[in-house]
Amino acid sequence: MTLLSFCQWLASTKWSIALHESFYMYPLIESTHVVALFLFAGTIAMVDLRLLGAVFREVPISEINARILPWTVAGAVIMVSTGFLLFYAIPVRTYQSLWFRFKVVFLLVAAINVWVFHRRVQKNRADWDSDRRPPLAARVSAMISLSMWAGVIVFGRMIAYNWFDCDRPQSDFVYWLSGCVVELMDS
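To convert a position in the sequence shown, counted from 1, into my numbering, add 37.
So this is what it looks like as structure tokens:
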């Protein structure tokens with residue numbers, strides 16, 4: 038079974054159809070997703086700006102993390118949950134969305150950046166926790182984080198537009214990149 042056939046099966050389930058066609062639930066879930074994204078991205082931005090030495094310079098990074106992390110986790114849990122529901126409501130179109138694919142790539146890079154930060158960069162945080170300007174590795178990680186989350190937000194917003202949908206005329210490259218299955222029609 039391919040991912041596309043799984044998405045086609047998912048789209049045919051009664052709960053997916055009901056969610057997609059719901060007058061109230063789909064917009065409510067989408068709105069909740071956006072609010073949770075702002076909570077998550079806003080708290081991440083505060084930590085990243087501190088790591089860059091741009092804000093809260095007198096506050097140790099460990100204190101910022103301790104105060105903000107619960108909000109970040111809450112935003113992430115709600116954001117991921119509602120994101121899965123949004124995908125579940127329109128799985129084929131979302132899977133074949135060029136914007137969704139870019140969003141996933143940016144999410145993966147952001148996740149790898151978080152993993153590298155916690156595995157390597159933050160190991161010696163006690164040495165630079167209170168510094169007004171953290172070391173270069175921490176600042177680079179913060180810049181990558183800000184860039185990746187900005188990309189996730191932009192590409193996520195673009196999913197709503199059908200510029201590169203499979204049912205529109207596209208170049209073969211866009212069809213390939215989007216995973217579109219184009220049926221050849223006899224003349």
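Don't be surprised by glycine CBs; every beta carbon is placed ideally from N, CA and C.
**Start and end residues, alpha helix (DSSP H) containing Lys-140** = 135-156
**Request:** State yes or no: is the beta carbon of Leu-135 nearer than 8 Å to at least one beta carbon in chain D?
**Result:** The chain labelled as chain D is not found in the depicted structure, where only one protein chain is given.
**Asked** Do you know how far the Cα of Phe-60 is from the Cα of Phe-154?
**Response** 42 Å
**Asked** Under the rule that 16 or more other beta-carbon atoms within 10 Å means buried, what is Phe-210, buried or exposed?
**Response** Its Cβ having fewer than 16 others within 10 Å, Phe-210 is exposed.
**Message:** Less than 8 Å between the C-beta atoms of Thr-109 and Ile-81, yes or no?
**Reply:** yes
**Prompt:** When the Cα atoms are used, what is the spatial distance from Cys-217 to Gly-193?
**Reply:** 19 Å
**Prompt:** Counting pairs of Cβ atoms below 8 Å between the region 178-190 and the region 123-131, do you hit three or more?
**Reply:** no
**Item:** Coarse secondary structure for Glu-67, derived from DSSP in three states
**Value:** helix
**Prompt:** Going by the CB atoms, is the gap between Leu-144 and Phe-201 shorter than 8 Å?
**Reply:** no
**Prompt:** Among the residues of its own chain, which have a CB less than 8 Å from the CB of Val-146, if the five just before and after it don't count?
**Reply:** Ile-181, Met-185
**Asked** Alpha carbon to alpha carbon, what distance is there between Ser-118 and Glu-67?
**Response** Cα to Cα, Glu-67 sits roughly 11 Å from Ser-118.
**Prompt:** Leaving out five residues before and five after Leu-122 in sequence, what residues of the same chain have Cβ atoms less than 6 Å from its Cβ?
**Reply:** These residues qualify, in order along the chain: Ile-66.
**Message:** So Pro-64 and Ser-167 are supposed to be a Cβ contact under 8 Å. How far apart are they, rounded?
**Reply:** Not a contact, Cβ separation roughly 45 Å.
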